[in-house]
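Residue numbers (the UniProt record's numbering): 1 to 592.
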């Protein structure tokens with residue numbers, strides 16, 4: 001016997017016309033019969049005239065036909081009144097059902113074939129609260145995903161879960177996923193974006209629990225550099241230098257730029273050596289760009305040798321002594337990778353004022369202090385020429401790595417207070433190449449991550465086909481909000497959602513004999529066109545170990561913090577009029 005779960009249903013919305021007519025006829029007849037019985041019974045009770053009526057309305061009809069029961073004027077009046085009352089009740093019920101149906105969409109019918117109410121128990125608020133209490137986060141169920149269409153209950157990702165969101169333009173990802181996740185964070189929070197709306201909506205609320213650090217080197221929200229962060233503070237050896245160089249390499253390349261295998265590798269190696277040399281000699285990162293403009297410079301080679309890295313020193317020296325054509329290509333590639341440092345507007349955020357860290361009055365962001373706080377980091381960038389995306393990635397990774405170090409010192413190797421990471425526009429703003437390999441690991445460390453892409457193809461551009469598959473599979477929950485028109489991926493998603501048994505009933509009459517046949521075939525619960533046209537307010541949820549489900553998204557406007565967020569938006573508008581922001585009033589995440 002097959003173990004495949006079946007969900008056989010008749011084809012939705014295809015009732016037999018004869019059945020509909022018969023149902024209406026029976027309903028009308030029953031209503032008339034009930035009205036007649038009520039009129040006769042009430043008249044008899046009030047006047048005492050005539051024989052007692054049988055309790056069965058059908059028997060009353062038979063008695064009326066035989067003449068055993070006679071109509072009286074009072075009985076007629078009462079019967080008409082009862083009929084009018086039944087009609088009014090029927091109309092009221094129909095209108096109520098119609099109002100209830102107004103909130104439904106064309107895809108809601110699919111819920112009957114998807115996860116049952118009990119299937120989603122692990123994601124429900126009661127279960128999520130119990131799990132959160134065991135993890136040391138009482139009263140905080142997790143990251144909100146949406147409402148189950150069947151029960152109306154909220155569903156949550158736990159504080160050990162990692163989530164992937166796929167959401168095309170204008171489908172409500174910010175209002176229904178990003179902002180609710182930010183509001184749910186119990187401790188420190190890191191979020192990336194390329195738009196100002198997230199900062200505007202949540203800054204004041206998060207500033208009420210800790211310092212709100214806004215990293216805005218490209219003036220997405222016109223923030224002034226009232227604090228700074230040293231990217232080289234995370235470079236402690238050649239491995240960490242290579243990681244930082246990797247962020248510059250990934251963030252400086254357009255999605256369709258396949259590059260050159262030799263020059264890309266050689267340029268990244270050269271940049272690694274120069275970043276390490278600058279960190280060893282406590283130089284600002286802008287010195288790296290100076291070294292890259294002069295292939296004859298040997299200062300960094302001497303620094304590397306003194307620092308105990310003779311092999312890397314040899315590599316850097318050999319890059320400058322190769323043939324002029326090859327040398328120019330390697331140096332040009334490395335300069336392109338580090339090009340964002342060239343911008344004076346950007347480097348004000350990553351270097352001390354006047355070149356002296358001790359004399360700079362601005363607070364400096366310290367990742368290790370940040371993860372012990374309840375602070376918020378808004379890391380902003382836009383793609384294109386002069387993007388600061390490499391620095392956004394480097395800063396995000398520096399915070400996460402600090403959280404991992406802290407987690408290793410806490411019970412169970414997990415943060416007692418989770419660090420929430422909301423990576424909006426993950427393919428444009430935060431191109432973290434190693435993310436697919438780390439995804440499930442981060443959740444186990446108490447670092448829940450929500451990564452949001454405009455399409456599956458965006459993730460493929462950053463991580464490659466296998467990397468995106470790995471990220472997608474590692475996610476405990478995947479939320480698809482619609483707006484994607486990639487037929488190949490939508491077919492895969494449709495297959496993951498599954499099939500249902502489609503039942504077709506046909507009838508025929510031959511020589512006066514009516515016969516009925518039933519045919520079954522497997523059909524997709526949601527086909528590619530339905531997924532491409534998923535209405536706003538609905539999302540498909542794929543959770544580990546559970547059938548796919550259709551959920552209703554819950555925008556922040558429908559949540560308990562709506563008034564606070566509206567106040568934050570109003571305050572942001574006022575700040576935009578009054579001028580640039582001042583330095584954070586409280587700086588728990590600052591360097592000591």
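For glycine and all other residues, C-beta sits at the position ideal for the given N, C-alpha and C.
Report buried or exposed for residue i, applying the criterion of at least 16 other Cβ atoms within 10 angstroms of its Cβ.
{"i": "residue 464", "result": "exposed"}
{"i": "residue 155", "result": "buried"}
{"i": "residue 593", "result": "What the structure shows of the chain is the stretch from 1 to 592, and residue 593 is not part of that stretch, so it cannot be assessed."}
{"i": "residue 472", "result": "buried"}
{"i": "residue 486", "result": "buried"}
{"i": "residue 219", "result": "exposed"}
{"i": "residue 247", "result": "buried"}
{"i": "residue 544", "result": "exposed"}
{"i": "residue 468", "result": "buried"}
{"i": "residue 520", "result": "exposed"}
{"i": "residue 251", "result": "buried"}
{"i": "residue 495", "result": "exposed"}
{"i": "residue 27", "result": "exposed"}
{"i": "residue 411", "result": "exposed"}
{"i": "residue 538", "result": "buried"}
{"i": "residue 448", "result": "buried"}
{"i": "residue 589", "result": "buried"}
{"i": "residue 174", "result": "buried"}
Among the options, whose alpha-carbon lies nearest the alpha-carbon of residue i?
{"i": "residue 223", "options": "589, 590, 576", "result": "576"}
{"i": "residue 125", "options": "147, 396, 110, 545", "result": "147"}
{"i": "residue 522", "options": "516, 532, 503, 510", "result": "503"}
{"i": "residue 604", "options": "92, 195, 179, 239", "result": "The displayed coordinates of the chain run from 1 to 592. Any statement about residue 604 would go beyond what the structure contains."}
{"i": "residue 573", "options": "157, 201, 561", "result": "201"}
{"i": "residue 160", "options": "149, 136, 171, 174", "result": "136"}
{"i": "residue 338", "options": "381, 293, 364", "result": "293"}
{"i": "residue 393", "options": "437, 407, 123, 428", "result": "428"}
{"i": "residue 134", "options": "170, 150, 112, 158", "result": "158"}
{"i": "residue 114", "options": "554, 563, 550", "result": "550"}
{"i": "residue 461", "options": "426, 475, 437", "result": "426"}
{"i": "residue 492", "options": "270, 542, 391, 228", "result": "542"}
{"i": "residue 345", "options": "534, 388, 565", "result": "388"}
{"i": "residue 295", "options": "284, 326, 285, 309", "result": "326"}
{"i": "residue 390", "options": "422, 420, 362, 433", "result": "433"}
Just curious, the alpha helix (DSSP H) that residue i is in, first and last residue?
{"i": "residue 286", "result": "286 to 292"}
{"i": "residue 566", "result": "562 to 578"}
{"i": "residue 386", "result": "Per DSSP, residue 386 belongs to no alpha helix (DSSP H) and is neither H nor E."}
{"i": "residue 317", "result": "310 to 321"}
{"i": "residue 269", "result": "261 to 280"}
{"i": "residue 487", "result": "487 to 497"}
{"i": "residue 240", "result": "238 to 251"}
{"i": "residue 180", "result": "179 to 184"}
{"i": "residue 455", "result": "No alpha helix (DSSP H) contains residue 455, which DSSP labels as neither H nor E."}
Along the chain, where does the beta strand (DSSP E) containing residue i start, and where does it finish?
{"i": "residue 477", "result": "477 to 482"}
{"i": "residue 520", "result": "513 to 524"}
{"i": "residue 213", "result": "212 to 215"}
{"i": "residue 189", "result": "189 to 193"}
Ignore the nearest five residues each way along the sequence and tell me which others in residue i's own chain have a CB closer than 6 Å to its CB.
{"i": "residue 291", "result": "274, 297, 300"}
{"i": "residue 505", "result": "518"}
{"i": "residue 277", "result": "300, 303, 304"}
{"i": "residue 9", "result": "Only weak support is given to the placement of residue 9: the predicted model assigns it a pLDDT of 39, under 50, and the value that follows is read from those uncertain coordinates. Result list for residue 9: empty, nothing under 6 Å."}
{"i": "residue 348", "result": "225"}
{"i": "residue 230", "result": "none"}
{"i": "residue 153", "result": "124"}
{"i": "residue 489", "result": "456"}
{"i": "residue 406", "result": "371"}
{"i": "residue 268", "result": "245, 249"}
{"i": "residue 280", "result": "303, 307"}
Can you find the residues in the same chain that come closer than 8 Å, C-beta to C-beta, to residue i, ignoring five residues on each side of it along the sequence?
{"i": "residue 342", "result": "289"}
{"i": "residue 562", "result": "556"}
{"i": "residue 111", "result": "149, 150, 549, 550"}
{"i": "residue 354", "result": "360"}
Excluding sequence positions up to five away, which residues of its chain have a Cβ less than 7 Å from the Cβ of residue i?
{"i": "residue 263", "result": "329, 330, 333"}
{"i": "residue 186", "result": "137, 140, 417, 418"}
{"i": "residue 622", "result": "No information on residue 622 is available, as it lies outside the stretch 1 to 592 that the chain covers here."}
{"i": "residue 459", "result": "427, 453, 468, 471"}
{"i": "residue 497", "result": "525, 526, 540, 548"}
Cβ contact check for the segment 159 to 174 and the segment 473 to 481: 3 or more pairs under 8 Å: Touching, yes.
Segment contact flag, the segment 363 to 382 with the segment 210 to 227, C-beta cutoff 8 Å, min 3 pairs: Because the criterion of three Cβ pairs below 8 Å is met, the segment 363 to 382 and the segment 210 to 227 touch.
Inter-stretch contact (C-beta, 8 Å, three-pair minimum) for the segment 305 to 316 and the segment 182 to 200: no
Three or more C-beta pairs below 8 Å linking the segment 135 to 146 and the segment 176 to 184: yes
The segment 119 to 134 / the segment 524 to 534 touching (three or more Cβ pairs under 8 Å): no
contact_flag[the segment 359 to 369, the segment 396 to 411] where n(CB pairs < 8 Å) is 3 or more: yes
The segment 237 to 245 contacting the segment 349 to 358, beta-carbon criterion three pairs below 8 Å: no
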